[in-house]
Amino acid sequence: MESREIEQLVRMARAYAAEAIPWLAPALYAARLVLTEACPGLAAVDEGMRVYFNPRGVAELVKGEDRTQVVSELGFVWFHEVAHWLREHAQRAQEKNARPKLWNIASDLEINDARLPGLEPPRRFPPLVPDHFDLPEGKLAEFYYDRLCEWDEKSRSAVGLEQQSASSAQGERDEKSRSGAQAGKEPEAHEPECDEGSEVHGEHGREWVDVGCAPSDEGSGVHGERRSWELAEDDPQAPAPSAVERDMIRRAVAEALVREKHQGTIPMGWMRWAEEVLAPRVDWREVLKRRMRGAIVQGTGQRVDYSFARPHRRAYAYAPFLPPSLRGDFLPRVACVVDTSGSISEQELAQALAEVRAVLEHLRVPIQVIPCDAVPYEPIEVFTRSDLITRCRSLPGGGGTNMIAGIEAALQLRPTPDVVLVLTDGYTPYPPHPYHVSVLFGILAPLGRCDVPLPPIPPWQQSDVVYIEMP
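Here it is, written out as C-alpha coordinates:
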(Lines of atoms letter the chains of each structure in order from A and count residues from 1; the text may use other names and numbers.)
(Lines give C-alpha, C1' and ligand atoms only; values in the text may rest on other atoms or scores of the structure.)
Protein backbone atom coordinates (compact mmCIF):
# COMPACT_ATOMS: atom_id res chain seq x y z
CA MET A 1 0.00 0.00 0.00
CA GLU A 2 1.11 3.54 -0.70
CA SER A 3 1.68 5.96 2.15
CA ARG A 4 -1.20 8.19 1.09
CA GLU A 5 -3.62 5.26 1.00
CA ILE A 6 -2.49 4.17 4.46
CA GLU A 7 -3.00 7.67 5.84
CA GLN A 8 -6.52 7.83 4.38
CA LEU A 9 -7.32 4.46 5.92
CA VAL A 10 -6.08 5.53 9.36
CA ARG A 11 -8.04 8.80 9.18
CA MET A 12 -11.13 6.88 8.11
CA ALA A 13 -10.67 4.63 11.14
CA ARG A 14 -10.55 7.68 13.42
CA ALA A 15 -13.85 8.95 12.00
CA TYR A 16 -15.31 5.46 12.40
CA ALA A 17 -14.20 5.34 16.05
CA ALA A 18 -15.69 8.80 16.70
CA GLU A 19 -19.01 7.59 15.30
CA ALA A 20 -18.91 4.34 17.27
CA ILE A 21 -18.03 6.06 20.58
CA PRO A 22 -19.17 9.71 20.26
CA TRP A 23 -18.04 10.65 23.76
CA LEU A 24 -14.42 10.10 22.68
CA ALA A 25 -14.71 12.37 19.63
CA PRO A 26 -13.25 15.53 21.29
CA ALA A 27 -10.03 13.67 22.08
CA LEU A 28 -9.88 11.72 18.82
CA TYR A 29 -10.06 14.83 16.67
CA ALA A 30 -7.72 16.81 18.94
CA ALA A 31 -4.99 14.16 18.51
CA ARG A 32 -2.40 14.70 15.77
CA LEU A 33 -1.68 11.83 13.39
CA VAL A 34 1.96 11.00 12.63
CA LEU A 35 3.01 8.21 10.25
CA THR A 36 6.52 6.90 10.87
CA GLU A 37 8.27 3.57 10.40
CA ALA A 38 10.43 4.42 13.42
CA CYS A 39 7.50 3.54 15.67
CA PRO A 40 8.47 0.12 17.12
CA GLY A 41 4.94 -1.31 17.09
CA LEU A 42 1.67 -0.76 15.27
CA ALA A 43 0.91 2.48 17.11
CA ALA A 44 2.06 4.68 19.98
CA VAL A 45 1.23 7.99 21.64
CA ASP A 46 3.37 10.71 23.21
CA GLU A 47 2.68 13.19 25.97
CA GLY A 48 1.89 15.84 23.37
CA MET A 49 -1.15 13.87 22.17
CA ARG A 50 0.48 12.86 18.89
CA VAL A 51 -0.64 9.36 17.83
CA TYR A 52 2.00 7.50 15.80
CA PHE A 53 1.11 4.75 13.31
CA ASN A 54 3.67 2.52 11.65
CA PRO A 55 2.75 2.22 7.92
CA ARG A 56 4.29 -1.25 7.74
CA GLY A 57 2.15 -2.39 10.67
CA VAL A 58 -0.99 -0.99 9.05
CA ALA A 59 -0.11 -2.71 5.76
CA GLU A 60 0.37 -5.98 7.65
CA LEU A 61 -3.05 -5.50 9.23
CA VAL A 62 -4.68 -5.08 5.82
CA LYS A 63 -3.33 -8.33 4.34
CA GLY A 64 -6.11 -10.83 3.78
CA GLU A 65 -8.64 -8.81 5.80
CA ASP A 66 -11.90 -7.21 4.80
CA ARG A 67 -11.59 -3.41 4.62
CA THR A 68 -14.50 -2.92 7.04
CA GLN A 69 -12.83 -5.23 9.52
CA VAL A 70 -9.54 -3.33 9.18
CA VAL A 71 -11.27 0.01 9.82
CA SER A 72 -12.90 -1.43 12.94
CA GLU A 73 -9.56 -2.76 14.20
CA LEU A 74 -7.73 0.50 13.52
CA GLY A 75 -10.58 2.33 15.26
CA PHE A 76 -9.87 0.22 18.33
CA VAL A 77 -6.19 1.18 18.10
CA TRP A 78 -7.19 4.87 18.00
CA PHE A 79 -9.29 4.36 21.12
CA HIS A 80 -6.47 2.49 22.82
CA GLU A 81 -3.78 5.13 22.24
CA VAL A 82 -6.00 8.11 23.04
CA ALA A 83 -7.21 6.33 26.18
CA HIS A 84 -3.61 6.15 27.44
CA TRP A 85 -3.41 9.93 27.13
CA LEU A 86 -6.83 10.62 28.66
CA ARG A 87 -6.09 8.39 31.65
CA GLU A 88 -2.83 10.32 32.22
CA HIS A 89 -0.80 7.12 32.30
CA ALA A 90 2.44 9.03 31.71
CA GLN A 91 1.99 11.24 34.77
CA ARG A 92 0.86 8.30 36.89
CA ALA A 93 3.91 6.27 35.83
CA GLN A 94 6.23 9.09 36.86
CA GLU A 95 4.48 9.45 40.22
CA LYS A 96 4.96 5.73 40.83
CA ASN A 97 8.50 5.69 39.37
CA ALA A 98 7.33 2.71 37.34
CA ARG A 99 9.41 0.52 35.04
CA PRO A 100 8.31 1.33 31.46
CA LYS A 101 7.76 -2.24 30.22
CA LEU A 102 5.75 -3.45 33.20
CA TRP A 103 3.80 -0.19 33.32
CA ASN A 104 2.99 -0.56 29.62
CA ILE A 105 1.45 -3.96 30.38
CA ALA A 106 -0.41 -2.66 33.44
CA SER A 107 -1.87 0.36 31.65
CA ASP A 108 -2.97 -1.86 28.75
CA LEU A 109 -4.79 -4.12 31.21
CA GLU A 110 -6.61 -1.08 32.58
CA ILE A 111 -7.84 -0.05 29.12
CA ASN A 112 -8.40 -3.29 27.22
CA ASP A 113 -11.13 -4.71 29.45
CA ALA A 114 -13.62 -2.19 28.01
CA ARG A 115 -16.30 -3.60 25.68
CA LEU A 116 -16.86 -1.09 22.89
CA PRO A 117 -19.65 -1.62 20.34
CA GLY A 118 -18.39 -1.50 16.77
CA LEU A 119 -14.68 -1.70 17.61
CA GLU A 120 -12.68 -4.92 17.55
CA PRO A 121 -9.08 -5.51 18.65
CA PRO A 122 -6.65 -6.31 15.81
CA ARG A 123 -6.41 -10.04 15.18
CA ARG A 124 -2.79 -9.83 14.09
CA PHE A 125 -1.87 -7.74 17.14
CA PRO A 126 -4.06 -9.15 19.94
CA PRO A 127 -4.11 -6.90 23.03
CA LEU A 128 -3.32 -8.01 26.56
CA VAL A 129 -6.32 -8.35 28.89
CA PRO A 130 -6.47 -9.11 32.64
CA ASP A 131 -7.63 -12.68 31.97
CA HIS A 132 -4.23 -13.46 30.45
CA PHE A 133 -2.77 -13.10 33.94
CA ASP A 134 -5.76 -14.49 35.88
CA LEU A 135 -6.40 -10.99 37.19
CA PRO A 136 -9.78 -9.34 37.79
CA GLU A 137 -11.14 -6.77 35.37
CA GLY A 138 -12.02 -3.19 36.21
CA LYS A 139 -8.88 -2.36 38.21
CA LEU A 140 -6.50 0.55 37.79
CA ALA A 141 -3.05 0.29 36.26
CA GLU A 142 -1.47 0.76 39.69
CA PHE A 143 -3.14 -2.44 40.93
CA TYR A 144 -1.97 -4.44 37.92
CA TYR A 145 1.51 -2.95 38.12
CA ASP A 146 1.97 -3.90 41.77
CA ARG A 147 0.83 -7.45 41.05
CA LEU A 148 3.09 -7.75 38.02
CA CYS A 149 6.04 -6.45 40.03
CA GLU A 150 5.42 -9.09 42.70
CA TRP A 151 5.31 -11.84 40.09
CA ASP A 152 8.35 -10.52 38.28
CA GLU A 153 10.31 -10.54 41.53
CA LYS A 154 9.20 -14.10 42.27
CA SER A 155 10.09 -15.23 38.75
CA ARG A 156 13.55 -13.69 39.02
CA SER A 157 14.11 -15.41 42.38
CA ALA A 158 12.84 -18.74 41.02
CA VAL A 159 15.10 -18.55 37.98
CA GLY A 160 18.06 -17.79 40.24
CA LEU A 161 17.28 -20.78 42.48
CA GLU A 162 16.81 -23.09 39.49
CA GLN A 163 20.12 -22.01 37.99
CA GLN A 164 21.85 -22.51 41.33
CA SER A 165 20.23 -25.95 41.78
CA ALA A 166 21.10 -26.98 38.22
CA SER A 167 24.67 -25.85 38.74
CA SER A 168 24.94 -27.89 41.97
CA ALA A 169 23.40 -30.98 40.34
CA GLN A 170 25.77 -30.70 37.39
CA GLY A 171 28.68 -30.42 39.79
CA GLU A 172 27.59 -33.58 41.62
CA ARG A 173 27.23 -35.51 38.35
CA ASP A 174 30.66 -34.37 37.21
CA GLU A 175 32.11 -35.49 40.52
CA LYS A 176 30.41 -38.91 40.22
CA SER A 177 31.61 -39.25 36.63
CA ARG A 178 35.17 -38.57 37.66
CA SER A 179 34.86 -41.04 40.57
CA GLY A 180 33.34 -43.71 38.31
CA ALA A 181 36.02 -43.24 35.70
CA GLN A 182 38.70 -43.66 38.33
CA ALA A 183 36.99 -46.91 39.54
CA GLY A 184 36.69 -48.21 35.95
CA LYS A 185 32.87 -47.87 35.84
CA GLU A 186 30.73 -46.45 33.07
CA PRO A 187 29.24 -43.07 33.96
CA GLU A 188 25.52 -43.11 34.71
CA ALA A 189 23.17 -41.80 32.05
CA HIS A 190 21.00 -38.87 33.06
CA GLU A 191 17.93 -37.32 31.57
CA PRO A 192 18.55 -33.91 30.07
CA GLU A 193 17.59 -31.01 32.30
CA CYS A 194 14.47 -29.12 31.28
CA ASP A 195 14.38 -25.36 31.33
CA GLU A 196 11.12 -24.58 33.07
CA GLY A 197 11.36 -20.88 32.37
CA SER A 198 10.29 -18.27 34.86
CA GLU A 199 6.94 -19.65 35.92
CA VAL A 200 6.13 -19.78 39.62
CA HIS A 201 2.98 -21.53 40.84
CA GLY A 202 1.20 -20.65 44.04
CA GLU A 203 -1.94 -21.66 45.80
CA HIS A 204 -3.88 -18.88 44.03
CA GLY A 205 -2.99 -19.97 40.48
CA ARG A 206 -0.42 -18.61 38.09
CA GLU A 207 2.11 -16.28 39.67
CA TRP A 208 4.55 -15.25 36.99
CA VAL A 209 5.12 -12.53 34.49
CA ASP A 210 7.07 -12.67 31.27
CA VAL A 211 8.28 -9.18 30.47
CA GLY A 212 8.90 -10.38 26.95
CA CYS A 213 5.14 -10.56 26.42
CA ALA A 214 4.91 -6.79 26.81
CA PRO A 215 3.62 -4.90 23.79
CA SER A 216 6.00 -2.81 21.75
CA ASP A 217 7.02 0.48 23.33
CA GLU A 218 3.96 2.72 23.07
CA GLY A 219 5.77 5.98 23.76
CA SER A 220 5.96 8.68 26.39
CA GLY A 221 2.17 9.01 26.47
CA VAL A 222 2.16 5.69 28.36
CA HIS A 223 5.24 5.73 30.60
CA GLY A 224 6.48 9.35 30.46
CA GLU A 225 9.91 8.60 28.99
CA ARG A 226 10.45 10.39 25.68
CA ARG A 227 11.66 8.24 22.79
CA SER A 228 13.98 9.24 19.94
CA TRP A 229 11.29 8.75 17.30
CA GLU A 230 8.87 11.19 18.97
CA LEU A 231 8.38 14.73 17.70
CA ALA A 232 9.59 17.70 19.71
CA GLU A 233 6.98 19.33 21.92
CA ASP A 234 7.10 22.56 19.90
CA ASP A 235 7.20 20.86 16.49
CA PRO A 236 5.58 23.33 14.04
CA GLN A 237 3.86 20.58 12.04
CA ALA A 238 2.14 19.02 15.06
CA PRO A 239 2.49 21.24 18.16
CA ALA A 240 1.55 19.73 21.49
CA PRO A 241 -1.49 21.24 23.26
CA SER A 242 -0.91 23.45 26.27
CA ALA A 243 -1.72 22.27 29.78
CA VAL A 244 -4.93 24.31 29.72
CA GLU A 245 -5.99 22.79 26.40
CA ARG A 246 -5.26 19.28 27.68
CA ASP A 247 -7.46 19.87 30.69
CA MET A 248 -10.26 21.18 28.48
CA ILE A 249 -10.06 18.11 26.21
CA ARG A 250 -10.31 15.73 29.18
CA ARG A 251 -13.23 17.68 30.61
CA ALA A 252 -15.01 17.69 27.23
CA VAL A 253 -14.74 13.89 27.02
CA ALA A 254 -15.87 13.48 30.63
CA GLU A 255 -18.90 15.74 30.10
CA ALA A 256 -19.84 13.85 26.93
CA LEU A 257 -19.60 10.60 28.88
CA VAL A 258 -21.93 11.88 31.58
CA ARG A 259 -24.44 13.03 28.97
CA GLU A 260 -24.52 9.56 27.36
CA LYS A 261 -24.51 7.43 30.51
CA HIS A 262 -28.26 6.71 30.20
CA GLN A 263 -27.61 4.68 27.03
CA GLY A 264 -26.11 1.87 29.09
CA THR A 265 -23.19 1.20 26.73
CA ILE A 266 -20.56 3.15 28.67
CA PRO A 267 -17.94 0.95 30.39
CA MET A 268 -18.11 1.35 34.15
CA GLY A 269 -14.41 2.15 34.41
CA TRP A 270 -14.83 5.09 32.08
CA MET A 271 -17.82 6.39 34.03
CA ARG A 272 -15.73 6.39 37.20
CA TRP A 273 -12.99 8.23 35.32
CA ALA A 274 -15.45 10.88 34.12
CA GLU A 275 -16.81 11.41 37.62
CA GLU A 276 -13.28 11.83 38.99
CA VAL A 277 -12.39 14.34 36.27
CA LEU A 278 -15.52 16.41 36.89
CA ALA A 279 -15.68 15.99 40.67
CA PRO A 280 -12.77 18.19 41.77
CA ARG A 281 -14.15 21.17 39.85
CA VAL A 282 -12.87 24.49 41.10
CA ASP A 283 -15.26 27.42 41.15
CA TRP A 284 -13.81 29.67 38.49
CA ARG A 285 -15.32 32.69 40.27
CA GLU A 286 -13.19 31.93 43.31
CA VAL A 287 -10.16 31.45 41.05
CA LEU A 288 -10.82 34.81 39.40
CA LYS A 289 -11.22 36.53 42.77
CA ARG A 290 -8.03 35.01 44.12
CA ARG A 291 -5.98 35.99 41.09
CA MET A 292 -7.47 39.48 41.06
CA ARG A 293 -6.55 39.90 44.73
CA GLY A 294 -2.99 38.73 44.08
CA ALA A 295 -2.56 41.14 41.18
CA ILE A 296 -3.98 44.03 43.20
CA VAL A 297 -1.72 43.32 46.17
CA GLN A 298 1.25 43.33 43.83
CA GLY A 299 0.15 46.61 42.27
CA THR A 300 -0.68 48.48 45.47
CA GLY A 301 2.52 47.22 47.07
CA GLN A 302 4.47 49.36 44.63
CA ARG A 303 2.67 52.49 45.86
CA VAL A 304 3.00 51.84 49.59
CA ASP A 305 6.13 52.37 51.66
CA TYR A 306 7.25 53.14 55.18
CA SER A 307 7.31 56.83 56.09
CA PHE A 308 8.04 58.99 59.12
CA ALA A 309 5.47 61.58 57.99
CA ARG A 310 3.03 60.07 60.45
CA PRO A 311 4.02 58.15 63.59
CA HIS A 312 3.32 54.46 63.87
CA ARG A 313 0.07 53.77 65.75
CA ARG A 314 2.02 51.76 68.35
CA ALA A 315 4.89 54.22 68.62
CA TYR A 316 4.36 54.62 72.37
CA ALA A 317 5.27 50.97 72.90
CA TYR A 318 8.68 51.49 71.26
CA ALA A 319 9.65 54.76 73.00
CA PRO A 320 12.17 56.32 72.80
CA PHE A 321 12.41 54.81 69.29
CA LEU A 322 10.19 56.24 66.57
CA PRO A 323 9.08 53.50 64.11
CA PRO A 324 7.72 54.49 60.69
CA SER A 325 4.23 53.73 59.43
CA LEU A 326 2.98 52.50 56.08
CA ARG A 327 1.85 55.37 53.89
CA GLY A 328 0.59 55.49 50.34
CA ASP A 329 -2.40 54.82 48.13
CA PHE A 330 -4.07 51.62 49.30
CA LEU A 331 -7.11 51.92 47.00
CA PRO A 332 -7.03 49.24 44.25
CA ARG A 333 -7.25 50.39 40.64
CA VAL A 334 -9.04 48.01 38.29
CA ALA A 335 -9.79 48.17 34.56
CA CYS A 336 -11.99 45.72 32.65
CA VAL A 337 -11.71 45.38 28.88
CA VAL A 338 -14.97 43.92 27.56
CA ASP A 339 -15.03 42.28 24.13
CA THR A 340 -17.94 43.82 22.16
CA SER A 341 -16.94 42.53 18.72
CA GLY A 342 -19.33 40.93 16.27
CA SER A 343 -18.44 37.42 17.44
CA ILE A 344 -19.80 38.09 20.93
CA SER A 345 -23.38 36.95 21.44
CA GLU A 346 -25.88 38.65 23.71
CA GLN A 347 -25.47 35.81 26.20
CA GLU A 348 -21.69 36.18 26.27
CA LEU A 349 -21.91 39.95 26.69
CA ALA A 350 -24.37 39.51 29.56
CA GLN A 351 -21.98 37.00 31.17
CA ALA A 352 -19.07 39.44 30.79
CA LEU A 353 -21.03 42.22 32.49
CA ALA A 354 -22.03 39.79 35.22
CA GLU A 355 -18.33 39.20 35.90
CA VAL A 356 -17.71 42.95 36.03
CA ARG A 357 -20.52 43.21 38.57
CA ALA A 358 -19.02 40.35 40.63
CA VAL A 359 -15.62 42.09 40.70
CA LEU A 360 -17.31 45.37 41.62
CA GLU A 361 -19.20 43.80 44.52
CA HIS A 362 -16.17 41.87 45.73
CA LEU A 363 -13.62 44.71 45.68
CA ARG A 364 -16.00 47.61 46.33
CA VAL A 365 -13.84 50.01 44.33
CA PRO A 366 -14.51 51.99 41.13
CA ILE A 367 -13.87 50.06 37.91
CA GLN A 368 -12.99 51.45 34.51
CA VAL A 369 -14.93 49.48 31.86
CA ILE A 370 -13.47 49.75 28.34
CA PRO A 371 -15.66 48.38 25.52
CA CYS A 372 -13.49 47.17 22.65
CA ASP A 373 -13.88 45.48 19.28
CA ALA A 374 -11.19 46.37 16.75
CA VAL A 375 -10.64 49.68 18.58
CA PRO A 376 -11.18 50.72 22.19
CA TYR A 377 -14.03 53.04 23.09
CA GLU A 378 -14.41 55.66 25.80
CA PRO A 379 -13.86 54.21 29.30
CA ILE A 380 -16.94 53.98 31.49
CA GLU A 381 -16.35 54.41 35.23
CA VAL A 382 -18.75 52.48 37.43
CA PHE A 383 -18.99 52.74 41.20
CA THR A 384 -22.05 50.67 42.04
CA ARG A 385 -24.23 47.94 40.59
CA SER A 386 -26.80 50.51 39.50
CA ASP A 387 -24.06 52.41 37.62
CA LEU A 388 -23.25 49.23 35.73
CA ILE A 389 -26.90 48.72 34.77
CA THR A 390 -27.49 52.29 33.60
CA ARG A 391 -24.14 53.16 32.01
CA CYS A 392 -23.35 49.80 30.41
CA ARG A 393 -26.81 48.99 29.12
CA SER A 394 -25.74 49.52 25.51
CA LEU A 395 -22.03 49.14 24.82
CA PRO A 396 -20.53 50.23 21.48
CA GLY A 397 -18.94 47.65 19.20
CA GLY A 398 -19.93 45.02 16.68
CA GLY A 399 -16.85 45.19 14.45
CA GLY A 400 -13.65 43.18 14.33
CA THR A 401 -11.68 41.95 17.33
CA ASN A 402 -8.41 43.23 18.79
CA MET A 403 -8.11 43.06 22.55
CA ILE A 404 -4.52 44.30 22.35
CA ALA A 405 -5.88 47.76 21.56
CA GLY A 406 -8.17 47.57 24.59
CA ILE A 407 -5.33 46.50 26.90
CA GLU A 408 -3.10 49.33 25.70
CA ALA A 409 -5.95 51.79 26.23
CA ALA A 410 -6.34 50.51 29.80
CA LEU A 411 -2.61 50.96 30.45
CA GLN A 412 -2.86 54.59 29.32
CA LEU A 413 -5.44 55.39 32.00
CA ARG A 414 -4.34 57.75 34.75
CA PRO A 415 -3.80 56.63 37.36
CA THR A 416 -2.46 53.37 35.90
CA PRO A 417 -4.53 50.34 36.95
CA ASP A 418 -3.07 47.62 39.17
CA VAL A 419 -4.74 44.89 37.11
CA VAL A 420 -6.46 44.68 33.73
CA LEU A 421 -9.17 42.02 33.32
CA VAL A 422 -9.90 41.13 29.69
CA LEU A 423 -13.26 39.42 29.11
CA THR A 424 -13.37 37.84 25.65
CA ASP A 425 -14.45 34.74 23.75
CA GLY A 426 -10.80 34.13 22.83
CA TYR A 427 -11.09 34.88 19.12
CA THR A 428 -8.71 37.81 19.20
CA PRO A 429 -5.03 38.55 18.64
CA TYR A 430 -3.11 38.20 21.90
CA PRO A 431 -0.20 40.34 23.10
CA PRO A 432 3.13 38.70 22.22
CA HIS A 433 4.51 39.35 25.72
CA PRO A 434 3.24 40.30 29.21
CA TYR A 435 3.07 43.92 30.33
CA HIS A 436 4.48 45.64 33.40
CA VAL A 437 0.92 45.61 34.78
CA SER A 438 -0.85 42.33 35.59
CA VAL A 439 -3.26 41.28 32.83
CA LEU A 440 -5.79 38.48 33.36
CA PHE A 441 -7.78 36.89 30.54
CA GLY A 442 -11.30 35.74 31.35
CA ILE A 443 -12.19 33.38 28.49
CA LEU A 444 -15.94 33.02 27.90
CA ALA A 445 -15.96 29.32 26.96
CA PRO A 446 -19.10 27.21 26.41
CA LEU A 447 -19.20 23.94 28.34
CA GLY A 448 -17.39 21.18 26.49
CA ARG A 449 -15.52 23.46 24.09
CA CYS A 450 -11.82 22.63 23.86
CA ASP A 451 -10.79 24.61 20.78
CA VAL A 452 -10.97 28.15 22.17
CA PRO A 453 -7.85 30.17 21.20
CA LEU A 454 -5.65 31.05 24.18
CA PRO A 455 -2.74 33.40 24.87
CA PRO A 456 0.63 31.84 23.96
CA ILE A 457 2.01 29.90 26.94
CA PRO A 458 4.84 30.88 27.35
CA PRO A 459 5.45 33.83 27.56
CA TRP A 460 2.07 34.07 29.27
CA GLN A 461 1.37 31.77 32.19
CA GLN A 462 -1.49 29.42 32.83
CA SER A 463 -2.36 31.49 35.90
CA ASP A 464 -3.08 34.43 33.57
CA VAL A 465 -6.05 32.58 32.06
CA VAL A 466 -9.37 31.88 33.79
CA TYR A 467 -12.15 29.97 32.05
CA ILE A 468 -15.60 31.45 32.53
CA GLU A 469 -17.95 28.57 31.81
CA MET A 470 -20.98 29.38 29.71
CA PRO A 471 -24.06 27.19 30.18
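Just so we're aligned, residue 0 is where the sequence shown starts under numbering that gives the first Met the number 0, counting upward by one. Note that beta-carbon positions come from the ideal geometry of N, C-alpha and C, so glycine has one too.
Fully enclosed alpha helix (DSSP H) runs of no fewer than 4 residues occupy 345 to 362, 384 to 390 of the segment 340 to 400, in order along the chain.
Across the set W269, T35, G441, T389, the C-alpha of W269 shows the shortest separation from the C-alpha of I20. If you draw a straight line from the Cα of A404 to the Cα of L41, it comes to about 50 angstroms. In this structure, the beta-carbon distance from L60 to R10 does not fall below 9 angstroms. Taken through DSSP and simplified to helix, strand or coil, Y317 comes out as helix. With fewer than 16 neighbouring CB atoms inside 10 Å of its own CB, F320 falls in the exposed class. In this structure, the straight-line span from the alpha carbon of A97 to that of E141 is close to 9 angstroms.
Under DSSP, the beta-bridge partners assigned to R49 are R31. The three-state reading of DSSP puts E468 in strand, counting E and B together. Annotation: the continuous alpha helix (DSSP H) that includes T67 extends over 66 to 85.
DSSP, read as helix, strand or coil, puts A43 in strand.
Only buried fits I110, as 16 or more other CB atoms lie within 10 angstroms of its CB. Short of 8 angstroms from the beta carbon of H432, and not among the five residues preceding or following it, lie these beta carbons of its own chain, in chain order: P458. Counting along the chain, the unbroken alpha helix (DSSP H) around G220 starts and ends at 219 to 222. Residue burial annotation: F382 is exposed, with fewer than 16 other C-beta atoms found within 10 angstroms of its C-beta. Going by beta carbons, E46 and A251 fall outside the 9 angstroms limit. Where D107 is concerned, the enclosing alpha helix (DSSP H) starts and stops at 99 to 110. DSSP, reduced to helix, strand and coil, places I406 within a helical segment of the structure shown.
For L277, there is no enclosing beta strand (DSSP E); the enclosing alpha helix (DSSP H) covers residues 267 to 277. Within the segment 224 to 261, the complete alpha helix (DSSP H) runs of at least 4 residues fall at 242 to 258.
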